[in-house]
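**Student:** Sharing a structure with you now.
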Amino acid sequence: MDIIIRDNYDDMSQYAAEIIAALVKLKPDCVLGLATGSTPIGTYKKLISMHQQGLDFSNVKTFNLDEYYGIGIDMEKPYSADQSYARFMYEELFRHINIKPENIHIPDGLTKEPHKFCQWYEDEIKKAGGIDLQLLGMGGDGHWAFNEPGSSLSSRTRVEALAQQTLDDNYEAFYKKAGISREQMPHFAITMGIGTILESKSILMIVNGAKKADVVAKCLEGPVTSQITSSAIQLYGGGATVVLDREAASKLKNLSHYMHVEKARLAYGL
Ligand code: GLP
6 MDIIIRDNYD
16 DMSQYAAEII
26 AALVKLKPDC
36 VLGLATGSTP
46 IGTYKKLISM
56 HQQGLDFSNV
66 KTFNLDEYYG
76 IGIDMEKPYS
86 ADQSYARFMY
96 EELFRHINIK
106 PENIHIPDGL
116 TKEPHKFCQW
126 YEDEIKKAGG
136 IDLQLLGMGG
146 DGHWAFNEPG
156 SSLSSRTRVE
166 ALAQQTLDDN
176 YEAFYKKAGI
186 SREQMPHFAI
196 TMGIGTILES
206 KSILMIVNGA
216 KKADVVAKCL
226 EGPVTSQITS
236 SAIQLYGGGA
246 TVVLDREAAS
256 KLKNLSHYMH
266 VEKARLAYGL
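6 is the number of the first residue of the sequence shown in this note's numbering; add one for each residue after it.
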């Protein structure tokens, strides 16, 4: 696992966007796994500017990690669409680049048959040849996508109940200002499983901010545990890259080692 520390959010985002752009140039029909949350917004902004300078997404396929259950892209629903991850992705990335709508996959939060849908999503990922690069953030309790504490580390795409900390984080971030009560906000999500994520051909995790420093240290240097589902990164056999800003990296015990490794790699051209 490569752990890269950058001075700030902007540099972290630039580094992550360069990794994604390099793949898109190398393999124009690559399959990207995409994430939502405030963390990847900077990376998406960089990709949008790269697109304005010629980066071509016309043959790229994407699969998003998750979507709230009960909301989605049905703009007719009363409150739903504003907070849906589908809306987020269109606003933050898709409408600014030349990706084909038929190449975009986001779990359908409005499906009437969630279990069937989850199997279909897994099958579509396989049909596309698997995910070449999965971009990931990290929830406040160390989760990936919506794999809340206690999720099996070999879980597949499924409907998952949101943990209290996630509900609190979401309420503060989105629903409170929209005047939506805790009862009205979604309490379930459709999420790729940890097993699904670990099958990606490469993983790129980005985390920023002092608020996540403790959980980042637990994820990368603590025991692998279903209580912090992102700690499954330690089991990942492919190429995992973790890009952190200084604040998020500040509680790592082996921080100086990671910084040394990055310098040494550059010096040796590895
Ligand atoms: C949600 C998403 C995760 C994301 C997390 C962190 O829980 N399901 O995929 O990593 O939020 O969000 P933020 O980047 O806003 O901290």
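Virtual Cβ for every residue (Gly too), placed ideally from N, Cα, C.
To the nearest angstrom, report how far apart S261 and Q232 are at their CA atoms.
**Tutor:** Residue mapping note: residue 261 aligns to position 256 of the sequence shown, counting from 1. Residue mapping note: residue 232 aligns to position 227 of the sequence shown, counting from 1. Going by the C-alpha atoms only, they are around 27 Å apart.
**Student:** Tell me which residues share the same chain as K256 and place their Cβ nearer than 8 Å to its Cβ, disregarding the 5 neighbours each side in the sequence.
**Tutor:** Walking along the sequence shown from the start, residue 256 turns up at place 251. Here the set comprises A218, D219, V221, A222.
**Student:** One question on the structure: do F68 and G38 come within less than 9 Å of each other, judged by their Cβ atoms?
**Tutor:** Working through the sequence shown from its first residue, we reach residue 68 at position 63. Working through the sequence shown from its first residue, we reach residue 38 at position 33. The answer is yes: Cβ separation under 9 Å.
**Student:** Can you list the alpha helix (DSSP H) stretches of 4 or more residues lying completely in the segment 106–146, in chain order?
**Tutor:** Within the segment 106–146, the complete alpha helix (DSSP H) runs of at least 4 residues are 119–132.
**Student:** Between the Cα of N175 and the Cα atoms of H265, V164, M190, which residue gives the shortest distance?
**Tutor:** Here residue 175 is taken as the residue at index 170 of the sequence shown, counted from 1. Out of H265, V164, M190, M190 has the C-alpha closest to the C-alpha of N175.
**Student:** Is the closest heavy atom of the ligand GLP to the C-beta of M143 under 8 Å?
**Tutor:** Taking the first residue of the sequence shown as 1, we reach residue 143 at position 138. M143 Cβ: within cutoff of the ligand GLP.
**Student:** So, with DSSP's three-state summary, where would you put I233?
**Tutor:** Counting from 1 along the sequence shown, the entry for residue 233 is found at position 228. I233: strand per DSSP, three-state reduction.
**Student:** Using a threshold of 8 Å, is the CB atom of T67 nearer than that to any non-hydrogen atom of the ligand GLP?
**Tutor:** Within the sequence shown, the letter at position 62 stands for residue 67. T67: no, Cβ never under 8 Å from the ligand GLP.
**Student:** Give me the Cα-Cα distance between L138 and I185, rounded to the nearest whole angstrom.
**Tutor:** Within the sequence shown, residue 138 is the residue found at index 133, counting from 1. Within the sequence shown, residue 185 is the residue found at index 180, counting from 1. Looking at the two C-alpha atoms, the distance is approximately 35 Å.
**Student:** Using 8 Å for Cβ pairs, my map puts I25 next to E267. What's the rounded Cβ distance?
**Tutor:** Locating residue 25 in the sequence shown gives position 20, where the first residue counts as 1. Locating residue 267 in the sequence shown gives position 262, where the first residue counts as 1. At roughly 19 Å, the Cβ-Cβ gap does not stay under 8 Å, so I25 and E267 are not in contact.
**Student:** Taking only the alpha-carbon atoms, compute the straight-line gap between Y241 and M210 and give it to the nearest angstrom.
**Tutor:** As a working note, residue 241 is residue 236 in the sequence shown. As a working note, residue 210 is residue 205 in the sequence shown. Those two C-alpha atoms are separated by around 12 Å.
**Student:** Rounded to the nearest angstrom, what separates I202 and E107 at their Cα positions?
**Tutor:** For this step, residue 202 is matched to residue 197 along the sequence shown. For this step, residue 107 is matched to residue 102 along the sequence shown. If I take the Cα positions, the gap works out to 22 Å.
**Student:** Give the DSSP bridge partners of I9, in chain order.
**Tutor:** Within the sequence shown, residue 9 is the residue found at index 4, counting from 1. I9 pairs with V248.
**Student:** So, with DSSP's three-state summary, where would you put K268?
**Tutor:** Your numbering for residue 268 matches position 263 in the sequence shown. It is helical.
**Student:** Tell me whether D71, by its Cβ, gets closer than 8 Å to a heavy atom of the ligand GLP.
**Tutor:** Looking up residue 71 in the sequence shown gives position 66. Yes, the beta carbon of D71 sits closer than 8 Å to at least one heavy atom of the ligand GLP.
**Student:** Among V29, C123, M143, K182, which one has its Cα closest to the Cα of E165?
**Tutor:** Taking the first residue of the sequence shown as position 1, residue 165 is located at position 160. That would be C123, whose Cα lies nearest to the Cα of E165.
**Student:** Assuming the contact rule is C-beta atoms closer than 8 Å, L141 and I195 should be a hit. Round their C-beta distance to whole Å, please.
**Tutor:** To locate residue 141, count along the sequence shown from 1; it is residue 136. To locate residue 195, count along the sequence shown from 1; it is residue 190. With a Cβ gap of about 17 Å, L141 and I195 do not count as contacting.
**Student:** Apply the 10 Å Cβ neighbour rule to E118 and answer buried if 16 or more other Cβ atoms are within range, or exposed otherwise.
**Tutor:** In the sequence shown, counting from the first residue as 1, residue 118 sits at position 113. Label assigned to E118: exposed.
**Student:** From G134 to E204, what does the alpha carbon distance come to, in whole angstroms?
**Tutor:** In the sequence shown, counting from the first residue as 1, residue 134 sits at position 129. In the sequence shown, counting from the first residue as 1, residue 204 sits at position 199. Near 11 Å, if we compare the C-alpha coordinates of E204 and G134.
**Student:** Taking a contact to mean a Cβ-Cβ separation below 9 Å, would you say G114 touches Y180 in this structure?
**Tutor:** Taking the sequence shown and counting its residues from 1, the one referred to as residue 114 is at position 109. Taking the sequence shown and counting its residues from 1, the one referred to as residue 180 is at position 175. In this structure, Y180 does not lie closer than 9 Å to G114 by Cβ.
**Student:** Just mark N213 as buried or exposed, buried being the case when its beta carbon has 16 or more other beta carbons within 10 Å.
**Tutor:** Along the sequence shown, one-based indexing puts residue 213 at 208. Buried, because 16 or more other Cβ atoms sit within 10 Å of the Cβ of N213.
**Student:** For the beta strand (DSSP E) that A218 lies in, which residues bound it at each end?
**Tutor:** Numbered from 1 along the sequence shown, position 213 holds the residue referred to as residue 218. Note, A218: premise wrong, no beta strand (DSSP E); alpha helix (DSSP H) at 218–226.
**Student:** With DSSP run on the structure shown, which of helix, strand or coil describes S156?
**Tutor:** Against the sequence shown, residue 156 aligns to sequence position 151. It is coil, neither helix nor strand.
**Student:** Quick one: give me the first and last residue of the beta strand (DSSP E) that D16 is part of.
**Tutor:** Taking the first residue of the sequence shown as 1, we reach residue 16 at position 11. Careful: D16 lies outside any beta strand (DSSP E), inside the alpha helix (DSSP H) at 14–31.
**Student:** Which two residues bound the contiguous alpha helix (DSSP H) that contains K50?
**Tutor:** As a first step, residue 50 must be located in the sequence shown, where it is residue number 45. That run of the alpha helix (DSSP H) goes 46–57.
**Student:** Using a Cβ-Cβ cut-off of 8 Å (strictly less than) and excluding sequence neighbours within five positions of Y20, which residues of its own chain qualify?
**Tutor:** As a working mapping, residue 20 is identified with position 15 in the sequence shown. Closer than 8 Å at the Cβ level, and outside the excluded window around Y20, lie I9, R11, V248.
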